[in-house]
Amino acid sequence: MLGYLVKRLLRSVITLFIIVVIVFVMLRQMPVEGYFNDYDNMTPEAVQNALQNMGLLDPIPTQLTRFIKDFVRGDLGVSYRYRVNYPIAKIVADKAPLSLTFGGIAMLIGLPLGFGLGILMARSKGKWIAGIGTAYIVIMQSVPLAVIYLVIQLVFTSLFRIPLLYSSSNPRTWILPIATLALPTIATYGLWLRRYMVDEQNRDYIKLAKAKGVPSKFIWYRHVFRNAVVPLVQLIPASILATLSGSIYVESLYSIPGMGGLLVDVIKRQDNTMVQALVILFAAVSILGLLLGDLLMVLVDPRISLTAKTRTR
Amino acid sequence: MENNRILSINDLHVKFSLRGQVLHALRGISLDVLKGESLAIVGESGSGKSVFVKNLNGLLDNNGWIDEGTIMYYGLPEEPEGINLAQFKTEKDWLRVRGNHIAMVMQDPMTSLNPLKTIGSQLCEALNLHQGLSGALAQAKAVELLRDVGIREPQVRIRQYPHQFSGGMRQRVVIAMAMACSPRVLICDEPTTALDVTIQAQILDLIKDLKQKHHLTTIYITHDLGVVANVADRIAVMYSGDIVEIGTCEEVFYNPQHPYTWALLSSLPQLGKKDEDLFAIAGTPPNLFFKVRGDAFAPRNPYALAIDFLHRPPYFEVSPTHKARTWLLDPRAPKVEPPPAIKAIGNLKPGGEQV
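Heads up: the protein sequence lines correspond to chains A and B, in order.
Following our numbering, the numbering of the first sequence begins with -17 at its first residue and continues without gaps.
Following our numbering, the numbering of the second sequence begins with 705 at its first residue and continues without gaps.
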């Protein structure tokens, strides 16, 4: 177990390192305007001086080592255009918890409901109730989310007189964004769980379990659901962590000051250091999500052997 | 005869609905299974062997149904007059007999165990259901069962997962699982098809031993005549959803009457004969979406009589234990010599009086 852990961890670190190098080197090729707020009014000497002070004229390897050292300490550098000379880590620390809270709660609600939907649809395959589920999933998957979100906002704010915009002091305003975020999650997990359960249901070992007289309610939960959930488990940590980057639509719709749209924003403003920091941060989070997913798989699937080859006799 | 039957199937018709069409999979099967015997059902793929036994434990696919006929089971102590399995509708009905009366060993041991559960927990599941054992008692019983089916170090193996077992070992586990329910009838649906030839004999011996020890009635389904000769007391030959010939092992092998049985036996490769093409039955089985007229085998049968194409033959009795559905046995039929290969088998009969 420990050997596997170390190996898997090492691989994640190497992946992240490669990403850091590529992103860092590529962003150094960007125009130097991206480091100044009033570039047009600066003399070439002033620009050179400023670049010198920022350390941007040092050889790339030196800059890279410095960046990585800071990154490990949690320092993502400072923003030069989005918020002048403000530490990027602080910007993220302000916004990320909000996105994570909304996303996390939405996952917490959406996951069990999605699983419930999947089980219900698998068990009622071919009946009208499964048809309703399918309709819901198809709508969620095919209608652009922006449209769905807008409709929800319009209908519910007028129907239940919920204030339109998010306010941290009014919990009622949290309901809609969370519900809105949870809806597609329910559809996705419902869709996949149903599919895997239908697959499992036709396996030989299910027939054998029936033949040995196991009542179907046990078959559904002990065998079909248990086995169908395995391929989904791997995705869960990654999708929880992915909520860190926030949802552009939902957050802008309800004016939630979260991470949603931040990356797009700083790309538009050509804030080089911030683009670099955010891309690397999101990459790190995805890698962590995959790592956790793999480790979780080890717990739920005994076929993944941790130590060398197991003997087959 | 009456009291030594454990199962009695009478005129069983099973139909399937497929893409809006109705497939007549079993066309009137009648069969008595005797207590403690070993019955083999042979026939080519698609002849309805598996469909037939699925009726015995209610595992018929959802699009299939029993159209007609009765399946009497005489093993329930509270139903001395027998209970008609064909009338079972709900799962609750079936749970009375599934596993603890009629157990099953399936074809492919590689897929018939849950890959995510330990062997022990899968065995204990059955023990818990049928013998009410749980915890340490169930564990101990499971270890005993594994030892019974010839698995070494059962205390260790019980905590392992199916992927840590080889194919033959998995089939032993599947058999242990069937035995965990202490059944009276064990259905073995091609129990050795997916195994190495070297392992096949071991598994068959194991089933034979368990049958002796626990007074089981065994029903084998197979298309391997080698297996049949090894294990069966009686043989039922199926073709197109019908039993065309049934008799003791000796009768069917050495004195077959139905042209289909002849063809089946002729298809057996003979050892030590070089440069001779293997025999194959010409044509294909009839399409069961359509009504079969006359004898289903007639179009492929070189010995077919005109009447074979018009009327379905009844069973003709060859001996009290041996009957076949072919017009050739009618007293009015012309005398037909079985093909040479069949006579050759007849000559092999120990002490061989030739029929």
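Beta carbons: idealized from backbone N, C-alpha and C, even for Gly.
Option in the options with minimal Cα separation from residue i
i	options	result
G871(B)	D1034(B), T794(B) and T897(B)	T897(B)
V14(A)	L190(A), R176(A) and G37(A)	G37(A)
R861(B)	P1018(B), S825(B), A882(B) and S886(B)	S825(B)
K302(A)	Q183(A), L214(A) and V211(A)	The structure shown does not extend to residue 302(A), since chain A is modelled only from -17 through 295, so no value can be given for it.
I745(B)	A933(B), H717(B) and P973(B)	A933(B)
Q216(A)	T139(A), L270(A) and F138(A)	L270(A)
A790(B)	I713(B), V853(B) and Q811(B)	I713(B)
T44(A)	T167(A), K250(A) and F6(A)	F6(A)
G59(A)	P284(A), A71(A) and V280(A)	A71(A)
D765(B)	D186(A), Q252(A), Q258(A) and R251(A)	D186(A)
Y171(A)	M122(A), K250(A), L(-8)(A) and G228(A)	M122(A)
A266(A)	P126(A), L(-13)(A), I1(A) and V(-12)(A)	I1(A)
V206(A)	I101(A), D253(A), I168(A) and R65(A)	I101(A)
P1094(B)	E894(B), C892(B) and T822(B)	Residue coverage of chain B in this structure runs from 705 to 1059, which leaves residue 1094(B) outside it and unanswerable.
K192(A)	T952(B), R802(B), L850(B) and A936(B)	R802(B)
L46(A)	D276(A), T255(A), K77(A) and L146(A)	T255(A)
L90(A)	I168(A), N31(A) and K51(A)	I168(A)
Y1007(B)	R1016(B), L1032(B), H1015(B) and E848(B)	L1032(B)
E1021(B)	E949(B), D1012(B), L817(B) and R1004(B)	E949(B)
F138(A)	T116(A), N152(A) and A161(A)	A161(A)
S221(A)	V196(A), P284(A) and S81(A)	S81(A)
V737(B)	A830(B), I891(B) and N1005(B)	I891(B)
K796(B)	S970(B), G762(B) and F720(B)	G762(B)
T988(B)	F1001(B), E980(B), D981(B) and V996(B)	F1001(B)
P1024(B)	R938(B), K758(B) and L841(B)	R938(B)
Start and end residues, alpha helix (DSSP H) containing residue i
i	result
G732(B)	Looking at the DSSP string, G732(B) is not in any alpha helix (DSSP H); the run it does join, the beta strand (DSSP E), is Q725 to L738.
F1020(B)	Premise fails: F1020(B) lies in the beta strand (DSSP E), F1020 to S1023, not in any alpha helix (DSSP H).
S221(A)	L217 to A224
D300(A)	Given a span of -17 to 295 for chain A in the structure shown, any question on residue 300(A) remains unanswerable.
E27(A)	P26 to M36
V267(A)	N254 to V282
L(-8)(A)	L(-16) to R10
F49(A)	I42 to V54
L1033(B)	L1033(B) -> no alpha helix (DSSP H), and no H or E assigned at all.
S970(B)	P963 to S970
P166(A)	R154 to Q183
G115(A)	W110 to S124
K250(A)	L244 to K250
N934(B)	L929 to V935
Y865(B)	Careful: Y865(B) lies outside any alpha helix (DSSP H) and carries neither H nor E.
H834(B)	I823 to Q835
M241(A)	Segment: none, M241(A) is in no alpha helix (DSSP H) and carries neither H nor E.
L235(A)	I230 to L235
M814(B)	It is not in any alpha helix (DSSP H) - M814(B) carries neither H nor E in the DSSP assignment.
A842(B)	G839 to D852
G871(B)	G871 to A884
T139(A)	L127 to L141
Cross-strand partners of residue i (DSSP beta bridge)
i	result
A940(B)	I745(B) and I950(B)
T922(B)	S742(B) and L890(B)
W769(B)	K719(B)
M808(B)	I891(B)
P69(A)	V60(A)
N761(B)	N761(B) pairs with nothing; no bridge assigned.
T774(B)	N714(B)
I787(B)	Y777(B)
S802(B)	What sits at residue 802(B) in the sequence shown is Arg, not Ser. Beta-bridge pairing links R802(B) to I806(B).
R709(B)	L738(B)
Endpoints, beta strand (DSSP E) assigned at residue i
i	result
A1061(B)	This structure leaves residue 1061(B) out entirely; chain B is present only between 705 and 1059.
Proximity test, residue i beta-carbon vs the ligand FAD heavy atom, cut-off 7 angstroms
i	result
S140(A)	In terms of ligand content, the structure shown is empty, and the ligand FAD therefore cannot be addressed.
Residue-chain proximity (residue i, chain E), Cβ-Cβ < 8 angstroms
i	result
L80(A)	Although the question refers to chain E, the structure presented lacks it and instead comprises the protein chains A and B.
Mind listing which residues of the segment 184 to 203 of chain A have their C-beta closer than 9 angstroms to chain B's C-betas, in chain order?
R185, D186, Y187, I188, K189, L190, A191, K192, A193, K194, G195, V196, P197, S198 and F200
What residues in the segment 800 to 828 of chain B have a beta carbon less than 7 angstroms from any beta carbon of chain A?
R802, G803, N804, A807, M808, M810, D812, T815, S816, L817, N818, P819 and L820
Output needed in chain order: residues of the segment 862 to 885 of chain B with a Cβ under 8 angstroms from some Cβ in chain A.
Y865, H867, Q868, F869, S870, M873, V878, M881, A882, A884 and C885
Chain B contacts from the segment 208 to 230 of chain A (Cβ-Cβ distance under 9 angstroms):
R208, N209 and V212
Contact list for the segment 755 to 780 of chain B against chain A, Cβ threshold 7 angstroms:
N761 and L763
What residues in the segment 781 to 801 of chain B have a beta carbon less than 7 angstroms from any beta carbon of chain A?
E795 and L799
Going along the segment 246 to 266 of chain A in order, which residues come within less than 9 angstroms of chain B, judged by CB to CB distance?
none
Of all the residues that make up the segment 827 to 849 of chain B, which are near chain A by a beta-carbon distance shorter than 8 angstroms?
E829, A830, L833 and H834
Chain B contacts made by the segment 43 to 59 of chain A, where a contact means CB separation under 7 angstroms
none
Select from the segment 276 to 288 of chain A all residues with a C-beta closer than 7 angstroms to any C-beta belonging to chain B, and list them in chain order.
D283, P284 and R285
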